[in-house]
Each structure stands twice: as structure tokens, then as C-alpha cells.
Amino acid sequence: MIRTVGIIRHPTIPAAAPLSRAIIPMLREHGAEVWEDGGLAAAEVARRVAQTDLLVALGGDGSLLRAARIAAGHGTLVLGINLGRMGFLTEAEPDGWPAVLRRVLAGDYWVEERMMLRAEARRGETVLAGGDALNDVVVGQGALGRVVRLEARVDGDLLTGYVADALIVATPTGSTAYALAAGGPIMPPQQRNILLVPVAPHLSLDRAVVLAEGVCVEVIVRGHSPAALTLDGEVAVELRPGDVVRAAASPCLARFARVRERDYFYRTLMARLVPREAEGK
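Each residue of the sequence shown is one higher than the one before, counting from 6 in my numbering.
Encoded structure:
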């Protein structure tokens with residue numbers, strides 16, 4: 006039974022607020038208690054999510070990423086309604102949300118669990134920043150905009166060094182995001198491997214590397230240029246030479262409510278990536 010529903014909406018998408026107002030009456034008709042995140046402090050949102058059965062995200066994939074990170078530690082289900090451009094993670098479009106939401110409220114859905122990464126940046130014994138990411142952990146250019154020199158280790162063993170704009174440590178979910186734009190492979194979302202993809206490497210390994218399930222990746226900043234750590238595209242902390250970023254599978258999982266067939270991923274992928282005029286050729 007879904008008794009409590011939270012709505013997280015993108016603050017700058019004009020359609021998000023009216024869509025939220027349209028959704029709330031349906032939720033209440035089904036007996037659900039409803040809250041919205043508009044204007045709430047982050048601590049209050051976290052407190053409410055801990056007591057929420059379903060989190061509805063209104064926006065694009067960025068809104069879904071935020072909702073997944075907020076919900077993951079509590080096992081809360083996430084349902085996305087696409088108001089963005091791509092919508093790889095969303096389940097409903099603006100004109101089809103009533104049918105999808107009714108099915109979810111009636112219990113006619115399945116749960117898709119996706120691996121997340123847990124990352125931590127350290128300077129010696131000091132923890133600089135940390136958190137979970139559904140798409141990727143990226144160590145890239147800092148404030149100076151220069152290439153970064155990085156050393157990558159897997160379970161403590163040296164893999165290789167990079168001179169590049171950035172190094173992406175991605176989940177299978179993230180393989181269709183920044184990692185794909187950088188030339189990485191597409192991985193099925195049910196896998197639990199970690200993907201390493203360099204961005205614009207110079208005289209260093211220029212291929213993506215798929216790592217085994219359960220490994221721990223260390224990325225060490227070398228050279229003299231500063232770097233920056235981002236989690237799902239959000240800057241977490243500036244890094245100095247010698248700082249270490251560790252990333253491994255998180256104990257938390259992102260849990261999405263789905264009503265589509267379980268093999269939806271490939272059809273969605275082709276619909277998003279292959280131009281219509283190319284189909285059938």
C-alpha cells in the first residue's frame with residue numbers, strides 16, 4: 006500500500022508546478038497523504054522521505070537523479086514524469102501520467118533496482134566530501150581549466166595513469182550519460198560493474214575499462230593542477246594534488262516503480278538515440 010507520497014519538482018521548469026497541482030487531487034482520492042518539496046529545507050525533505058512510500062519526480066533525468074539519491078537510503082520508490090529532454094530514467098510523459106500513476110497506486114507495477122556508487126574524497130586522514138551517485142563520480146578539471154593528471158588504482162593495484170580533461174567512474178545507469186558522450190560502452194542497467202572512461206585523454210589510455218563487480222576504485226590527483234570532484238554532475242569539492250577519491254558500489258540501491266515491460270530499456274535507448282529517419286534503413 007502506498008500511503009504517503011512526496012513530490013519533488015524542478016524549480017525552473019514552468020510546467021512542473023501546474024503538473025504538481027494536477028497530480029495532488031488524484032493522490033488524495035486514493036487516500037494518500039501528500040507533501041511537496043517546494044521551499045522545504047534539505048533536512049526537512051530528508052526527514053519526510055524517510056516516512057514516504059513513493060517519491061514522484063517532475064523534471065528531467067537530473068530531477069530523477071536527485072530523487073534517487075534522496076530516496077535510496079530509505080528504500081523509497083521513485084516514479085519519474087518527464088519534463089526534460091531525454092528522459093532515460095522517467096516512467097511517464099506529461100500526457101500519459103494519469104494512467105501510469107493509477108496503476109502504481111493500484112499496486113500494478115514492478116520494482117527496478119539499480120546500483121549506485123558511494124564516493125569519498127580524502128586529503129590525508131581528512132574526509133573532504135562524500136556521498137552516493139546513481140550515474141557517475143567524476144574527477145576532472147578544477148578552477149584553472151587545465152588537464153588533470155590522475156592515477157587510477159583498482160583494489161589497491163595500479164591500473165594506469167591519465168592525462169585528460171576528466172576521468173568518469175560510472176555505473177551501468179551512467180553508461181548512457183556522460184560516459185556515453187565520452188565514447189564509453191552502453192551497459193544493461195541490471196549489471197553491477199563499474200566503468201572507467203577518460204575524457205579527452207592525451208598520450209594515455211584512451212579506451213574505456215569495464216571493471217568487475219565489487220571492486221574499489223581509487224583516483225589520485227597527481228601533477229600540479231587542481232581538480233574537482235562531482236557526483237551526478239554536482240560539484241562536491243575542489244581537489245589538490247595528492248588528494249584521493251575512492252568509489253565503490255554503495256550499499257544503497259535506487260528503486261524505481263515501473264509499469265512498462267521488463268525489457269523496456271533497449272526500446273527506450275533506441276527511441277532516444279536513433280533518429281526516426283534512420284529507423285528501418
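For every residue, glycine included, the Cβ atom is placed at its ideal position computed from N, Cα and C.
Do you know offhand how far residue i's Cα is from residue j's?
i: residue 90; j: residue 26; result: 22 Å
i: residue 237; j: residue 70; result: 7 Å
i: residue 84; j: residue 208; result: 43 Å
i: residue 250; j: residue 193; result: 26 Å
i: residue 274; j: residue 162; result: 35 Å
i: residue 228; j: residue 168; result: 10 Å
i: residue 178; j: residue 92; result: 13 Å
i: residue 218; j: residue 180; result: 15 Å
i: residue 206; j: residue 196; result: 26 Å
i: residue 294; j: residue 269; result: Examination of residue 294 is not possible in this model, given that the chain is present from 6 through 286 alone.
i: residue 258; j: residue 34; result: 30 Å
i: residue 150; j: residue 234; result: 14 Å
i: residue 140; j: residue 190; result: 14 Å
i: residue 7; j: residue 155; result: 46 Å
i: residue 160; j: residue 107; result: 46 Å
i: residue 110; j: residue 130; result: 47 Å
i: residue 119; j: residue 260; result: 7 Å
i: residue 253; j: residue 61; result: 27 Å
i: residue 143; j: residue 266; result: 32 Å
i: residue 282; j: residue 185; result: Because residue 282 sits at a pLDDT of 46, beneath the cut-off of 50, its placement in the model cannot be relied upon, and the point is left open.
i: residue 135; j: residue 175; result: 16 Å
i: residue 239; j: residue 114; result: 31 Å
i: residue 285; j: residue 47; result: Unreliable placement is indicated for residue 285, whose pLDDT of 48 sits below 50; no coordinate value is reported for it.
i: residue 202; j: residue 80; result: 30 Å
i: residue 183; j: residue 204; result: 9 Å
i: residue 104; j: residue 28; result: 12 Å
i: residue 16; j: residue 86; result: 15 Å
i: residue 30; j: residue 117; result: 27 Å
i: residue 77; j: residue 211; result: 33 Å
i: residue 278; j: residue 21; result: 25 Å
i: residue 43; j: residue 68; result: 13 Å
i: residue 101; j: residue 262; result: 15 Å
i: residue 293; j: residue 248; result: In the structure as shown, the chain starts at 6 and stops at 286, and residue 293 therefore has no counterpart that could be examined.
Between residue i and residue j, which are expected to be in contact by the criterion C-beta below 8 Å, what is the C-beta distance as a whole number of angstroms?
i: residue 146; j: residue 171; result: 7 Å
i: residue 157; j: residue 243; result: Going by Cβ atoms, the distance from residue 157 to residue 243 rounds to 20 Å, so no, they are not a contact pair.
i: residue 82; j: residue 64; result: Residue 82 to residue 64, Cβ: 17 Å. No contact.
i: residue 264; j: residue 98; result: Not really, about 13 Å apart at Cβ, beyond 8 Å.
i: residue 138; j: residue 122; result: 5 Å
i: residue 246; j: residue 226; result: 5 Å
i: residue 94; j: residue 66; result: 5 Å
i: residue 55; j: residue 13; result: Contact doesn't hold; Cβ gap of about 14 Å is too wide.
i: residue 39; j: residue 45; result: Between residue 45 and residue 39 the Cβ distance is about 13 Å, and since that is not below 8 Å, they are no contact.
i: residue 11; j: residue 53; result: 6 Å
i: residue 187; j: residue 173; result: 6 Å
i: residue 255; j: residue 152; result: Incorrect: roughly 29 Å between the Cβ atoms, too far for contact.
i: residue 50; j: residue 18; result: No, residue 50 and residue 18 are not in contact; Cβ-Cβ is about 18 Å, not under 8 Å.
Looking at the strands, I want to know which residues DSSP matches up with residue i.
i: residue 165; result: 157
i: residue 225; result: 156 and 249
i: residue 17; result: Per DSSP, none; premise fails for residue 17.
Provide the residue span of the beta strand (DSSP E) that contains residue i, from first to last.
i: residue 232; result: 232-236
i: residue 12; result: 9-14
i: residue 126; result: 115-128
i: residue 241; result: 239-244
Along the alpha helix (DSSP H) that carries residue i, what are the first and last residues, could you check?
i: residue 108; result: 102-110
Quiz prompt | 4-residue-minimum alpha helix (DSSP H) runs that sit fully inside the stretch 138-223, ordered along the chain | solution = Whole alpha helix (DSSP H) segments, 4+ residues: 183-186.
Exercise. Ignoring anything shorter than 4 residues or poking outside the stretch 251-285, list the alpha helix (DSSP H) runs there in chain order.
Key: If we require 4 residues or more, the alpha helix (DSSP H) runs fully inside the stretch 251-285 come out as 269-278.
Self-check item: Segments of 3+ residues assigned as beta strand (DSSP E) that fall wholly inside the stretch 30-109
Solution: DSSP runs (the beta strand (DSSP E)) wholly in the stretch 30-109: 38-41, 59-64 and 82-87.
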